[in-house]
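Structure (structure tokens):
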């Protein structure tokens, strides 16, 4: 007998590897049960999927807290927190320090500029410099080694 | 082979096409007739592709459910026989791909459960009682050898050598040419002969 035929005879033995008739007799009932169950599962599948995904995420995070996962979680938390703060500031400008500085500068925070147009046109001696520190006052009176005022180089009249 | 089920069954039994028409007309209980007709053969095909009875049971349910849901898409230019075989083979091939990915994560409990399930089946099997240890050993060796083939080669061997399908029907079922079927069979037979050389002399 050819090897090919012998192999086919061997493989034919596998035809007998099936469960008994009782299995197939009960199979149709089992199939009906399976279909009814799958109908129920389909209806609540999206809820179940969300729950499963969340629980798996939580399990993975706490059971195997790998560096990558923790970093990802931390980064997400930072992004969410920043977004919330930015939107909070945009919606309530008066309640946030960042918002008050950007939108309504107070007199205390605006110390270097002239107080009014009249001041800007007036001489430097007329400026009220009482609120400035000693460093600020030196800076206001600074001059180059040639003795010329810093204003001379910043002014068009110098050229 | 396409009219295998209809010609093999008794004359008074409705043909596959008639049952399909009846189901599509709203007599959904007639689908049971198709399930009874194909359950054992599809079980054999799926089992010989997976070598796992528990998976086969689940997959068989899923295949009949999938076929039922897709019955309106069934086109009459192919026989129902090859169509449902195609559903079964494709579904099993997809399952095998997924199983390969998850195989390393399989727990010992799952493995032992499958062994228990297999033992139960052996005990309840028609030939189970008087089966010799030699036959059991041979079947084990056959299963191991089949599992060493690629999924596609194994599918062709199962359909041709075990299920007895023709080359043309296998080509239709697996959506490939007859030449591809013959080529895969030739390669698979050569490989199996090497693996089973102690039984083939």
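Chains as they are written, first to last, in the working numbering: chain A, 6 to 164; chain B, 29 to 229. Built from N, CA and C at the ideal position, the CB exists for glycine as well. These numbers were taken from a predicted model, which means no experiment stands behind them.
Nearest to residue 76 of chain B by C-alpha distance, out of B:111, B:42 and B:191, is B:191.
In this structure, DSSP gives residue 121 of chain B a helical state, which the three-state scheme calls helix. Neighbourhood of residue 20 of chain A in chain B, by CB distance below 7 Å: 72 and 190, in chain order.
With a 10 Å radius around the Cβ and a threshold of 16 neighbouring Cβ atoms, residue 38 of chain A comes out exposed. For residue 46 of chain A, there are no neighbours in chain B by C-beta distance under 8 Å, as the nearest C-beta there is about 12 Å away. If one requires a minimum length of 4 residues, the alpha helix (DSSP H) runs lying completely within the segment 10 to 63 of chain A are 26 to 48, in chain order. Between the C-alpha atoms of residue 46 of chain B and residue 196 of chain B there is a straight-line separation of about 24 Å.
Under a 10 Å Cβ-count criterion, residue 19 of chain A is classified as buried, with 16 or more other Cβ atoms of the shown protein chains found around its own Cβ.
Taking a cut-off of 8 Å for Cβ pairs, the segment 103 to 116 of chain B and the segment 192 to 212 of chain B touch, as three or more such pairs fall below it.
Distances from the alpha-carbon of residue 172 of chain B to those of B:224, B:163 and B:54 put B:224 closest. In the structure shown, the three-state DSSP call for residue 176 of chain B is coil. Under a 10 Å Cβ-count criterion, residue 85 of chain B is classified as buried, with 16 or more other Cβ atoms of the shown protein chains found around its own Cβ. By the C-beta density criterion, residue 69 of chain B is buried, having at least 16 other C-beta atoms within 10 angstroms. Three or more Cβ pairs drawn from the segment 29 to 37 of chain A and the segment 55 to 72 of chain B lie within less than 8 Å of each other, which places the two stretches in contact. Chain B places no beta carbon closer than 9 Å to that of residue 62 of chain A, leaving this residue out of the contacts. Within chain A, no residue has its beta carbon less than 9 Å from that of residue 108 of chain B; the closest one is some 17 Å off.
DSSP places residue 211 of chain B in the helix class (H, G or I) of the three-state scheme.
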